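Chemist: Please see the structure below; I have some questions.
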């Protein structure tokens, strides 16, 4: 078994998987951390690569609700309107504090893609098994694991999956939005929550 711990969640993969916690690799922490963001887990088995972003919002749903929508929050719109009436409007940029979750996943996906391509070009041994963009015949799947209250999860996950698929379309990739208990065919792992 290969275990990866992210906060209160432990991800257990079978022995036939190659798995790393990307932001804990020497490559990322020494070369990329200052300028790029990264997906949480990179996993591969049988020429299929899974890049997993983990968002554990369980118990913090009200705080995270604004980032579950791509709509610009009213507070940002009001602030931008006020800035437009001021003489410094061209010098100040107003944006939401936390990105829409799909925008964040896509930023991390693109940054991770750049990072593993550079690692491949420089023959970095630590990431050699995780460079699908440089290998023909390998597929890549993007997964957002969203821990959220079960009452609201189904509708939210379906909406986010649609947005993720639209964002991944130019790359020719597929994505999934899953919970701790839902599964994706081919991604065999166990998720346990510590108390």
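In the numbering used here, the protein residues as written are 258 to 452.
In this text, a Cβ means the ideal position worked out from N, Cα and C, and glycines have one as well.
It should be emphasised that the depicted structure is a prediction, and the values quoted were computed from it without experimental measurement.
Per the contact definition of three or more C-beta pairs closer than 8 Å, is the stretch 373–386 in contact with the stretch 409–416?
Modeler: Segments in contact, no.
Chemist: When you compare only the Cα positions, how much space is there between residue 328 and residue 346?
Modeler: Each residue's Cα considered, the two are about 22 Å apart.
Chemist: Which residue's Cα is closest to the Cα of residue 372: 296, 300, 261?
Modeler: If we check each option's Cα against that of residue 372, 296 comes out closest.
Chemist: Taking the alpha-carbon positions, what's the residue 259 to residue 313 distance?
Modeler: So the two alpha carbons sit approximately 20 Å from each other.
Chemist: So which of 374, 410, 376, 436 has the shortest CA-CA distance to residue 266?
Modeler: Minimum Cα distance to residue 266 is reached at 436.
Chemist: If I follow the unbroken alpha helix (DSSP H) through residue 377, where does it start and stop?
Modeler: Residue 377 -> alpha helix (DSSP H) spans 358–378.
Chemist: List in chain order: all unbroken beta strand (DSSP E) runs of 3+ residues lying wholly within the stretch 384–437.
Modeler: The stretch 384–437 contains these whole beta strand (DSSP E) runs: 396–404, 431–435.
Chemist: Counting C-beta neighbours from all protein chains within 10 Å, is the total for residue 429 16 or more, i.e. buried, or is it exposed?
Modeler: Exposed, because fewer than 16 other Cβ atoms sit within 10 Å of the Cβ of residue 429.
Chemist: Is there a C-beta anywhere in chain B that falls below 8 Å from the one on residue 313?
Modeler: In the displayed structure, chain B is absent; only one protein chain is listed.
Chemist: Mapping DSSP to helix, strand and coil, what is residue 269?
Modeler: If DSSP states are grouped into helix, strand and coil, residue 269 belongs with the strands.
Chemist: Write down the C-beta distance between residue 366 and residue 324 rounded to the nearest angstrom, noting that I regard them as a contact closer than 8 Å.
Modeler: No, residue 366 and residue 324 are not in contact; Cβ-Cβ is about 17 Å, not under 8 Å.
Chemist: Is it right to say residue 339 is buried, meaning 16 or more other beta carbons lie within 10 angstroms of its own, or is it exposed?
Modeler: Residue 339 is exposed by the Cβ-count criterion.
Chemist: Span of the beta strand (DSSP E) holding residue 274?
Modeler: Looking at the DSSP string, residue 274 is not in any beta strand (DSSP E), and its letter there is neither H nor E.
Chemist: Provide the residue span of the beta strand (DSSP E) that contains residue 340, from first to last.
Modeler: No beta strand (DSSP E) contains residue 340, which is instead part of the alpha helix (DSSP H) from 331–341.
Chemist: What residue range is occupied by the uninterrupted alpha helix (DSSP H) comprising residue 281?
Modeler: Taken as a continuous stretch (DSSP letters only), residue 281 belongs to no alpha helix (DSSP H), as it is neither H nor E.
Chemist: Return the residue from the list 344, 439, 330, 379 that minimises the CA-CA distance to residue 355.
Modeler: Nearest option by C-alpha distance: 330.
Chemist: What would DSSP say about residue 293, mapped onto helix, strand or coil?
Modeler: Residue 293: coil per DSSP, three-state reduction.
Chemist: Find out if the Cβ-Cβ distance for the pair residue 352, residue 294 is shorter than 8 Å.
Modeler: No, the pair does not count as a contact, with Cβ atoms beyond the cut-off.
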